[in-house]
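Colleague:
Number of protein chains: 2
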Amino acid sequence: MNDRKIRILEAIIQDYIQTGSPVGSRTLSKKYDLQLSSATIRNEMSDLEELGLITQPHTSAGRIPSDKGYRLYVDTLMDRSDLAPDLDLIIVKMLQDKINNIDLLLEETARLVAMMTNYATIASTQTLTEITIKRVQLIYVDLKSVACVIVTEANVIKHHIIFPPTEVDVNLCLMLSEVLNEHLAGMTLKELQKTDVRQLVPDHETLVLQIVCAIISILQEEDSSQVFTRGTTNILDFYDFNDLQKARELLELLEQKPYLTKLLSKTSGNSVNISIGEENALEPMKECSLVTTTYKLGDCTLGTIGIIGPKRMNYAQVVTLLEHISYHITNMLSE
Amino acid sequence: MNDRKIRILEAIIQDYIQTGSPVGSRTLSKKYDLQLSSATIRNEMSDLEELGLITQPHTSAGRIPSDKGYRLYVDTLMDRSDLAPDLDLIIVKMLQDKINNIDLLLEETARLVAMMTNYATIASTQTLTEITIKRVQLIYVDLKSVACVIVTEANVIKHHIIFPPTEVDVNLCLMLSEVLNEHLAGMTLKELQKTDVRQLVPDHETLVLQIVCAIISILQEEDSSQVFTRGTTNILDFYDFNDLQKARELLELLEQKPYLTKLLSKTSGNSVNISIGEENALEPMKECSLVTTTYKLGDCTLGTIGIIGPKRMNYAQVVTLLEHISYHITNMLSE
DNA sequence: AGTTAGCACTCGCCTTTAATGAGTGCTAAC
DNA sequence: GTTAGCACTCATTAAAGGCGAGTGCTAACT
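Protein chains in written order, with the numbering used here: chain V, 1 to 335; chain Y, 1001 to 1335.
(1) I'd like to know whether the C-beta of Val232 of chain V is nearer than 8 angstroms to at least one C-beta of chain Y.
(2) Among Y:Ile1017, Y:Val1272, Y:Arg1312, which one has its Cα closest to the Cα of Leu1321 of chain Y?
(3) Is the segment 275-285 of chain V close to the segment 97-105 of chain V, with three or more CB pairs under 8 angstroms?
(4) Does any residue of chain Y have a CB that is nearer than 8 angstroms to the CB of Leu244 of chain V?
(5) For Phe228 of chain V, which residues from the same chain have a beta carbon less than 6 angstroms from its beta carbon, with the 5 sequence-adjacent residues on both sides left out?
(6) Determine, using beta carbons only, whether Leu251 of chain V comes closer than 8 angstroms to chain Y.
(7) For the segment 1154-1166 of chain Y, which residues have a CB atom closer than 7 angstroms to at least one CB atom of chain V, in sequence order?
(8) Identify the contact partners of Ile99 of chain V in chain Y, using a Cβ-Cβ distance below 9 angstroms as the criterion.
(9) With H, G and I counted as helix, E and B as strand and the rest as coil, what does DSSP make of Gly1277 of chain Y?
(10) Determine, using beta carbons only, whether Ile1139 of chain Y comes closer than 8 angstroms to chain V.
(11) What residues from chain Y crowd round Arg248 of chain V, counting only those whose CB sits closer than 7 angstroms?
(12) Which residues in the same chain as Leu260 of chain V place their Cβ atom closer than 6 angstroms to its Cβ, once the five residues preceding and following it in sequence are excluded?
(13) According to DSSP, Gln961 of chain Y sits in a beta bridge with which residue or residues?
(14) To which residues of the same chain is Leu254 of chain V closer than 6 angstroms at the C-beta, ignoring the five residues directly before and after it?
(15) Just to confirm before moving on: does the CB-CB distance between Ser1326 of chain Y and Ile1305 of chain Y stay below 8 angstroms?
(16) Does Ala1120 of chain Y come out as helix, strand or coil in the three-state DSSP assignment?
(17) Rounded to whole angstroms, what is the Cα-Cα separation between Lys1005 of chain Y and Thr1076 of chain Y?
(18) Compute the distance between the beta-carbons of Arg176 of chain V and Val208 of chain V, then report whether it is under 8 angstroms.
(19) Leu1302 of chain Y by DSSP, collapsed to three states: which one?
(20) At which residues does the alpha helix (DSSP H) containing His1183 of chain Y begin and terminate?
(21) Starting from Leu1051 of chain Y, trace the alpha helix (DSSP H) both ways and give me its first and last residue.
(22) Decide yes or no for the touch test of the segment 1148-1155 of chain Y against the segment 132-150 of chain V: beta carbon pairs closer than 8 angstroms, at least 3 of them.
(23) Would you grab the beta carbon distance between Ile1133 of chain Y and Leu1184 of chain Y for me? Rounded to a whole angstrom, and I think it's under 8 angstroms.
(24) Taking 6 angstroms as the limit between beta carbons, can you name the residues of its chain near Asn338 of chain V, skipping five residues before and five after?
(25) Below 8 angstroms on the Cβ atoms is my contact criterion, and I expect Val1023 of chain Y with Asp1015 of chain Y to pass it. Report the Cβ-Cβ distance as a whole number of Å.
(26) For Glu999 of chain Y, count the other beta carbons within 10 Å of its own beta carbon; 16 or more makes it buried, fewer makes it exposed. Which is it?
(27) Strictly under 8 angstroms for the Cβ-Cβ distance: is Lys134 of chain V near chain Y by that measure?
(28) With 8 angstroms set as the bound, which would you pick, yes or no: does the beta-carbon of Glu255 of chain V sit closer than that to a beta-carbon of chain Y?
(29) Is Phe163 of chain V helix, strand or coil when you go by DSSP?
(30) Could you tell me whether any non-hydrogen atom of the ligand PLP is closer than 7 angstroms to the CB of Glu255 of chain V?
(31) Counting beta carbon pairs with one atom in the segment 1161-1170 of chain Y and one in the segment 1192-1211 of chain Y, are three or more of them shorter than 8 angstroms?
(32) Expressed to the nearest angstrom, what Euclidean distance is found between the alpha-carbon atoms of Asn314 of chain V and Ile17 of chain V?
(33) Distance check for Lys1068 of chain Y and Leu1053 of chain Y, CA to CA, integer angstroms please.
(34) Could you say which of V:Thr188, V:Ser29, V:Leu9, V:Tyr140 lies nearest to Val168 of chain V if we only look at CA atoms?
(35) 8 angstroms is my cut-off, CB to CB: does Ala123 of chain V come that close to chain Y?
(36) Which word fits Ser1289 of chain Y, buried or exposed, when buried means at least 16 other C-beta atoms lie within 10 angstroms of its C-beta?
Next up, the structure:
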């Protein structure tokens, strides 16, 4: 791997990302300032193919980058492109009035990212298992039903309606709210599960148990994590007409929350994550790349944003955009 | 329009719904028990075309039903097919444990319908403008924020977080909850808007005003109506490969809540509604049919279910299914 | 030894051409 | 009023041929 090979590989990847058709030696020698004849480039390309960085779709076609080639590119070659400064402004403007409602914020973010990139976008709130409870409140609905509302550390509000075995009244609800608040505020799900709540209110042991079960189910239910997808139809552009079937499978997958949650769950660390082609676990994603990032409140991950594009997506643009979005949201949330 | 024409029209529509390719006179005379030669049928078909009930995609092709033809069919010709009795059981089983959470119920319903029909399915909760408030509760979150939770007549719970101008405490929240409950419970949005709330708690006029505004915005916000779509990829089957573009437009439309709400808002009456081809207002829907129904609690419409299929959809099956689903949900909810 | 020009060969893609067959309208006979 | 027969239409499919981008290999050049 000499410097010349690197330059040629970079040119191939850039050209392929731009045009979408296999890149030939003649194109490279003419379009890029490599100072080499097409024959020399052909020799180098042959080597690059042996190294597994590029492949030929068929004999007598140009070369396209392999997964390994893309990986090398995003890891070492790619330089972050700058984001147009007015885009920063737009991002902040579009999102700042949604900052009080995390669901709306997510939805808007997904819309925005999809619009700016023309790729499919997913945004999700984290499951609440590691978030602490800030407040618990029971609301008397009628004789036979009580709404159980919890507010988490991140000001996310969730609720669940329960039907107690015996009739209830307003005062009971208030009293229990007070007791529960006192004992449960500040706990995470794990702590809550370890707590023995049966002694809290001796007269209403079963009711309290029922309520705490409801809270636990709110926190751990998959349903507590919202997921939004936007711009999914862009997927139809990734594939050629003949394998519409594949695009369809992917679209179907994006309709199902469990898969989406799984897809985004791998996002780790505090920067941008990239998963290319075969690196993706899910079958329909193996022709795609996934770029994800998270946004946080303090140390606590609140949600994830992901972009699904073709393997030949504009990584530089996408990474830059996600970095900025994540930065702005994290910033706004911490105020 | 003699009886023979009706029989021929019916045969054409049935055959086209089944096969999807234009129906010719010879096919009709052989496949259906009309006791007529193809030549006679040709003459009748020519008449049916003049009446605007069928059309030819091009000279020398068979006939396909026009929108007007389908309309006649669903209005007078179509006989309800029976639903397999075990399907009734499945419907009840799948839905009954979601009955306490209207959002989950909807999501599951959409999934179920999409699975059973292989058409795209939409389900939405109604906007809450005409529903009465059953209970209001303020939850003290921290010094600077208060969660405002309302429970509606249908046990739907909604919330909104507000940031009062001055600091608050637990007792203030409880006191205000009590007062608001006393005065607002039983009101609909319209009544609420007419009410002058400024005198309720003289010491906290602005706060109360802010809270009531929050309630109003919860009730009237478009966002308060959840919409779920399932099986949207089935749309790709409706169109041929060449006008993939149209399918795409429709898919895009189904990603945008305002359009979906608009689409379903036309559903009226208490039975099943059918809208065929050009009868649909939205451009990308003009190649489709939409079948909708509602489910209710008492007199109050709680939500809508809609199925989007090709104009040649199996109306009998879809109508029957929706009737049953609507019946079961309405039934379950009223318990 | 590295680089380049030249050449034969490959193969996907596009266009043209021809064949096929389902279907129609019209006419004349039953 | 119904039906058989016939000429005609036209989308669809398959085969054939030309085009062009691209490759690998060889031999010559620096």
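Where a beta carbon is used, it is the ideal one built from N, C-alpha and C, also for glycine.
Modeller: In terms of the structure at hand:
(1) Sequence inspection shows Thr at residue 232 of chain V; the Val mentioned does not correspond to that position. Judged by the 8 angstroms Cβ criterion, Thr232 of chain V is in contact with chain Y.
(2) Y:Val1272
(3) no
(4) yes
(5) Leu106, Glu107, Ala110, Ala123
(6) yes
(7) Asn1155, Ile1157, His1159, Ile1161
(8) What Ile99 of chain V touches in chain Y: nothing, since even the nearest Cβ is about 11 angstroms away.
(9) helix
(10) yes
(11) Thr1233, Leu1236
(12) Ile122, Val227
(13) An answer regarding residue 961 of chain Y cannot be provided, because it is not within the stretch 1001 to 1335 covered by chain Y.
(14) Thr229, Thr232
(15) yes
(16) strand
(17) 14 angstroms
(18) For the sequence presented, residue 176 of chain V should be read as Leu rather than Arg. Contact: yes.
(19) strand
(20) 1170-1184
(21) Neither: Leu1051 of chain Y is in no alpha helix (DSSP H) and is coded neither H nor E.
(22) yes
(23) 6 angstroms
(24) Residue numbering for chain V in the displayed model covers 1 to 335; residue 338 of chain V lies beyond these limits and cannot be assessed.
(25) 5 angstroms
(26) Outside the shown range of chain Y, which is 1001 to 1335, sits residue 999 of chain Y, and nothing can be said about it.
(27) yes
(28) yes
(29) coil
(30) This structure simply doesn't include the ligand PLP, nor any ligand for that matter.
(31) yes
(32) 7 angstroms
(33) 5 angstroms
(34) V:Tyr140
(35) no
(36) buried
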